[in-house]
Amino acid sequence: MSRAEITAPGTEPEPGSGEPPGGWRVSRRTAALVAASACATVLVVAGVRLSAELTRGPTPAERAAASAAELAGRYRSWPAGRIFPAELPYTLGQASPETARRVGIGTDTRCETAADEALVRSLTSRGCRAALRATYLDQAQGVAVTVGVVVFPDERSAREAVAWFPDRKAGPGLRALPFPGSVAARFGDAARQASAAAQRGPYVVAATAGYADGRPALRGPLADLAELVPQLVRGVLGPLATPAAVRCGDREWRC
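First residue of the sequence shown: 1, per UniProt numbering; consecutive thereafter.
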């Protein structure tokens, strides 16, 4: 008697197939699930890291860079009347405090026209970016003082350049800036009698002074002029070169 062999339903191999039925399909499905799970894990990790990067506070280095960038750009971002205040205080000797008042602010910001030719070469070779000037009168309106802000690309260049400005003597240095129709209309380069300069950050602030009516320079600088000029330099340089508190959320800051 022949013995019949019974095959369980659904387990018979497909015609022409040399593999166990369904095995290859199961392996492919499993691999796809594993790959999808791995991709999802990578995306989750990347999302967490991105969220942490976007929500973290600025590092000390980023704050320092933002502060330096804001300070270096003030000659462009600040109004001219903020760079050169309408009034600057000063004191001569033991006298009471007095006030120098601004006559006007120049519109020519080229380095080539702000200083004597002998000094211009030293400024431009160090990357001078701009030279802003304004003229003030002392309280008695007998002395005119031109104050200039000379801008450099970095602190090192400014530090090298300030050494080329005259100390006390008239020039070669910052050129006088007269204003027609004002008390300082005749204040020209020939009237310069005293000067001073100082540097902080990328800025050099220089000043030159003389009689407002244009009288030519004397053999030696007057004591009052020599005392007045450095005070006006400090009055402009101090606010301009003092770092501000970094506010990374504000529009003008990049942190």
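Using N, Cα and C, we set each Cβ at its ideal position, and we do this for glycine too.
> Residues bridged to GLY148 by DSSP?
Replying inline: ARG133, ALA206
> For the segment 106-126 against the segment 147-159, are there 3 or more C-beta pairs whose distance is under 8 Å?
Replying inline: yes
>> Suppose you measure from the CA of THR135 to the CA of TRP164; what does that come to, to the nearest Å?
In response: 22 Å
>> Less than 8 Å between C-beta atoms, sequence neighbours within five positions excluded: which residues of the same chain meet that for SER195?
In response: PHE165, PRO166, ASP167, ARG168, LYS169, ALA170, GLY171, GLY173, LEU174, ALA206, ALA207, THR208, ALA209, VAL229
> Does the separation of the CB atoms of ARG101 and LEU137 fall below 8 Å?
Replying inline: yes
> When we look at the beta-carbon of PRO89 and count the other beta-carbons within 10 Å, is it buried (16 or more) or exposed?
Replying inline: exposed
> DSSP state of THR107, grouped into three classes?
Replying inline: coil
>> Which residue wins for smallest C-alpha separation from ILE83, given the options ALA72, LEU92, THR91?
In response: ALA72
> Using DSSP with H/G/I as helix, E/B as strand and the rest coil, what is PRO66?
Replying inline: What sits at residue 66 in the sequence shown is Ala, not Pro. Note: ALA66 maps to helix in three-state DSSP.
> Got a sec? Which residues, its chain only, sit under 7 Å from ARG126 by beta carbon, not counting five neighbours each side?
Replying inline: PHE152, SER157, GLU160, ALA161
> Residue range of the alpha helix (DSSP H) that SER195 falls in?
Replying inline: Premise fails: SER195 lies in the beta strand (DSSP E), 192-200, not in any alpha helix (DSSP H).
>> Measuring straight from C-alpha to C-alpha, what distance separates SER67 and PRO216?
In response: 44 Å
> If you draw a straight line from the C-alpha of PRO202 to the C-alpha of LEU240, how long is it?
Replying inline: 10 Å
> What's the C-alpha gap between VAL143 and ARG129?
Replying inline: 29 Å
>> Which residues does DSSP list as the beta-bridge partners of PRO89?
In response: THR99
> Would the C-beta of ALA197 count as close to the ligand MN, meaning under 7 Å from any of its heavy atoms?
Replying inline: Because no ligand of any kind appears in the structure shown, any question about the ligand MN cannot be addressed here.
>> Using a 10 Å radius around the Cβ and a threshold of 16 neighbouring Cβ atoms, would you call PRO178 buried or exposed?
In response: buried
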